[in-house]
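Student: Got a structure for you, written out below as structure tokens; questions coming shortly.
2 protein chains.
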Amino acid sequence: MTTTLLTKPRVVRILLIDDHPIVLAGVKALVMTDPNVEVVGEAFDGRSGLRLAAEFAPDIVVLDISLPDLNGVKVAERLRAECPNCKILALTVHEDRGYLRQLLEVGISGYLLKRSATTELSRAIAAVAAGGLYLDPAVAGMAVEVSAPRLPESTTGRAELSQREVEVLKLAASGHSNKSAAAILGIGVKSAETYKARAMEKLGFRTRVELVRFAVSEGWLKN
Amino acid sequence: MTTTLLTKPRVVRILLIDDHPIVLAGVKALVMTDPNVEVVGEAFDGRSGLRLAAEFAPDIVVLDISLPDLNGVKVAERLRAECPNCKILALTVHEDRGYLRQLLEVGISGYLLKRSATTELSRAIAAVAAGGLYLDPAVAGMAVEVSAPRLPESTTGRAELSQREVEVLKLAASGHSNKSAAAILGIGVKSAETYKARAMEKLGFRTRVELVRFAVSEGWLKN
DNA sequence: CTAGCCGTCAGGAAAACCCTGACATTTGCG
DNA sequence: CGCAAATGTCAGGGTTTTCCTGACGGCTAG
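Here the protein sequences line up with chains A and B, keeping their order.
For the first sequence, my numbering begins at -18 and goes up steadily by one.
For the second sequence, my numbering begins at -18 and goes up steadily by one.
Structural data, given as structure tokens:
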């Protein structure tokens, strides 16, 4: 079927989710400069966002990954489930491989960094609205290494961490040695080593630096 | 210049510094809704910001603390020196005692969190333009504890860390090994070990956990 | 019932870390 | 000026920790 001659100037309806009102208002002001875009809702946390998404069924959800109540990945996941027609455009400061991978697995349609030029925003929205996949130039390179190499065996599930793995990881990121973490959890050092290794492998991390970055972005180190 | 009877129609001239163009554009859109405010410059990094400040001598510099090239505190410091008439309004996501303390010592006029309501922004600008000090409600409580207790341990002049010690400590807290830190600093592993040991000893830390806690409270693990 | 994840752990090699010096500069102070 | 203290730089050697490779029983789902 051929495309219509006059592409109907159908307005793209957008829901914004960002925990920083000042940033959200700014993004809103930006996207509204495009007459084809309409902001149908704004939320400052994950739960409100999910509620508004269910209510308004927007075309695109512009989602900040760092949220106070729910992890951005969790929100994306639930959005996919509860509002399958919503496209998700992640808008974030995080340039971590881990986030990108998780979000791609969840099925987002775009990943844009806040440090990108403002023109990228409208470009990304246009691309996503058209049904495409948009990745920020700065992370596009990661996508290839991310999509190909991982997990011949995790066909069913995604990179969910088990309870023990999360516990050890938090302690490790807080500066505890495997031995110390093991003592705290009341298990053997070797077990702690195993959990940490498995978790790191699941997350695709190979160095403690990456782990600490992840921990910071997860809010694990807020004391 | 004659004084007018009505409140001064003088426009507040503002310079914006934020490394995320999308956020910066948003803030710009927000402040421009106030007719008394004029944005005279925008910069995405510290150096450009300092240059523009010298060029335009704005009334207020709205400064994001997380910058790629220079630390926000450094930028504030140099702004105070090079452009003494500029008021500085820190706009940031960081709620750390450490940052706030450092910035207050440098002599900023305002501290606003991005998670605050948009109305706070104009309020803060107005307050700062009027020569006042504005602190975000969320950090105002910290200010009192911050202004009084000036390093109880430094009574004899001891808790001062040398440059190298701080550098290695930051890297260590971020998850770098001594070896990795040494490589980054371009020194031998043994030197890095020495700095770290001396610094830990000065601070009275025995474990990495204490170090990480300290780093978090100092805001070293953000950005 | 077979496969995979989970919690638990070992052995041995490799890497990182801590402790003890060491030495040359720089800097404050009597 | 000269000396002691602080700083930047590094090595040797013993101790810990981490890393890599398995392993084994319990549970759950296909």
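We put the beta carbon where it would ideally sit given N, CA and C, even for glycine.
Model, not experiment: these values are computed from the prediction.
According to DSSP, simplified to helix, strand and coil, what is ILE168 of chain B?
Tutor: Residue state, collapsed to three classes: coil.
Student: Between the C-alpha atoms of ILE89 of chain B and LYS68 of chain B, what's the straight-line distance to the nearest angstrom?
Tutor: 7 Å
Student: Would a check of beta-carbon distances place ILE3 of chain B closer than 7 Å to chain A?
Tutor: Under the Cβ distance rule, ILE3 of chain B counts among the residues neighbouring chain A, one pair being separated by less than 7 Å.
Student: Excluding the 5 residues flanking VAL120 of chain A on each side, which residues of the same chain have their C-beta closer than 8 Å to its C-beta?
Tutor: So the qualifying residues of the chain are GLU76, LEU81, TYR92, LEU94.
Student: By the 10 Å Cβ neighbour count, where 16 or more other Cβ atoms means buried, how is GLN144 of chain A classified, buried or exposed?
Tutor: Around the beta carbon of GLN144 of chain A, a 10 Å sphere encloses fewer than 16 other beta carbons of the protein chains shown; the residue is thus reported as exposed.
Student: In its own chain, which residues sit with a C-beta less than 7 Å from the C-beta of ASP26 of chain A, not counting the 5 before and 5 after it?
Tutor: So the qualifying residues of the chain are ASP0, LEU48, PRO49, ASP50.
Student: Give the secondary structure of ALA141 of chain B by DSSP, where H, G and I count as helix, E and B as strand, and everything else as coil.
Tutor: The sequence as given places Glu at residue 141 of chain B; Ala does not occur at that position. Secondary structure of GLU141 of chain B (DSSP, three-state): coil.
Student: Given this structure, state the Cα-to-Cα distance separating GLU148 of chain B from ARG189 of chain A, to the nearest angstrom.
Tutor: 18 Å
Student: May I have the straight-line CA-CA distance separating THR137 of chain A from LYS183 of chain A, to the nearest angstrom?
Tutor: With a pLDDT of only 28 at THR137 of chain A, under the threshold of 50, the placement of this residue in the model should not be trusted, and no figure is reported.
Student: Can you tell me the Cβ-Cβ gap for ILE41 of chain A and ILE(-5) of chain A, rounded? I've got them flagged as a contact below 8 Å.
Tutor: 5 Å
Student: Excluding the five sequence neighbours on either side, which residues of its own chain have a C-beta within less than 6 Å of the C-beta of GLU199 of chain A, listed in chain order?
Tutor: none
Student: Give the range of the beta strand (DSSP E) segment to which LEU202 of chain A is assigned.
Tutor: Segment: none, LEU202 of chain A is in no beta strand (DSSP E) and carries neither H nor E.
Student: What residues in the region 91 to 102 of chain A bring their beta carbon closer than 7 Å to a beta carbon of chain B?
Tutor: LYS95, ARG96, SER97, ALA98, THR99, LEU102
Student: So with CB distances below 7 Å, who are the chain A contacts of ALA10 of chain B?
Tutor: GLY7, ALA10, LEU11
Student: Report yes or no: is there a C-beta of chain B within less than 7 Å of the C-beta of GLY156 of chain A?
Tutor: yes
Student: Please say whether VAL87 of chain B and ALA110 of chain B have beta carbons closer to each other than 7 Å?
Tutor: no
Student: Report buried or exposed for MET181 of chain A, applying the criterion of at least 16 other Cβ atoms within 10 angstroms of its Cβ.
Tutor: Counting C-beta atoms within 10 angstroms of its own C-beta, MET181 of chain A has 16 or more neighbours from the protein chains shown and is therefore classed as buried.
Student: Secondary structure at ALA24 of chain A, three-state DSSP: helix, strand or coil?
Tutor: strand
Student: Looking at the secondary structure, which residues open and close the beta strand (DSSP E) in which ALA71 of chain A lies?
Tutor: First-last of the beta strand (DSSP E) with ALA71 of chain A: 68 to 73.
Student: Going by C-alpha distance, which of B:GLU101, B:LEU150, B:LEU116 is nearest ALA196 of chain B?
Tutor: B:LEU150
Student: Shorter than 7 Å from the beta carbon of LEU51 of chain A to some beta carbon of chain B?
Tutor: Chain B, which has no Cβ nearer than 7 Å to the Cβ of LEU51 of chain A, makes this no.
Student: Nearest to LYS9 of chain B by CA position, among A:LEU70, A:THR99, A:GLY113, is which residue?
Tutor: A:THR99
Student: Determine the direct distance from the alpha carbon of LEU31 of chain B to that of GLU63 of chain B, and round the result to whole angstroms.
Tutor: 8 Å
Student: Using three-state DSSP, classify LEU48 of chain B as helix, strand or coil.
Tutor: coil
Student: In whole angstroms, give me the CA-to-CA distance for ALA35 of chain B and ALA6 of chain A.
Tutor: 29 Å
Student: Nearest-angstrom Cα distance between GLU19 of chain A and LEU11 of chain A?
Tutor: 11 Å
Student: When the Cα of THR14 of chain B is compared with those of B:ALA38, B:ASN159, B:ARG104, which residue comes out closest?
Tutor: B:ARG104
Student: Can you tell me which residues form a DSSP beta bridge with ILE(-5) of chain A?
Tutor: A:VAL20, A:ILE41
Student: Going by DSSP, what residue range makes up the alpha helix (DSSP H) through GLY7 of chain A?
Tutor: GLY7 of chain A -> alpha helix (DSSP H) spans 2 to 12.
Student: For THR188 of chain B, go through chain A and note every residue whose CB falls closer than 9 Å to its CB, in chain order.
Tutor: GLY156, HIS157, SER158, SER161
Student: Using a beta-carbon distance below 7 Å, is VAL193 of chain A in contact with chain B?
Tutor: True, the Cβ-Cβ gap to chain B drops below 7 Å.
Student: Using a threshold of 7 Å, state whether the C-beta atoms of VAL74 of chain A and GLY156 of chain B are closer than that.
Tutor: VAL74 of chain A places its beta carbon 7 Å or farther from that of GLY156 of chain B.
Student: Are the Cβ atoms of VAL170 of chain B and VAL4 of chain A separated by less than 7 Å?
Tutor: no
Student: Just verifying my parser: in three-state terms, what is the DSSP assignment at LEU93 of chain A?
Tutor: strand
Student: Out of A:ARG179, A:LEU84, A:PHE186, point me to the one whose CA is closest to LEU44 of chain A's CA.
Tutor: When the alpha-carbon of LEU44 of chain A is set against those of A:ARG179, A:LEU84, A:PHE186, the nearest one is in A:LEU84.
Student: So which residues of chain A does LEU202 of chain B contact, with C-beta pairs closer than 9 Å?
Tutor: VAL193, ARG194, ALA196, VAL197, LEU202
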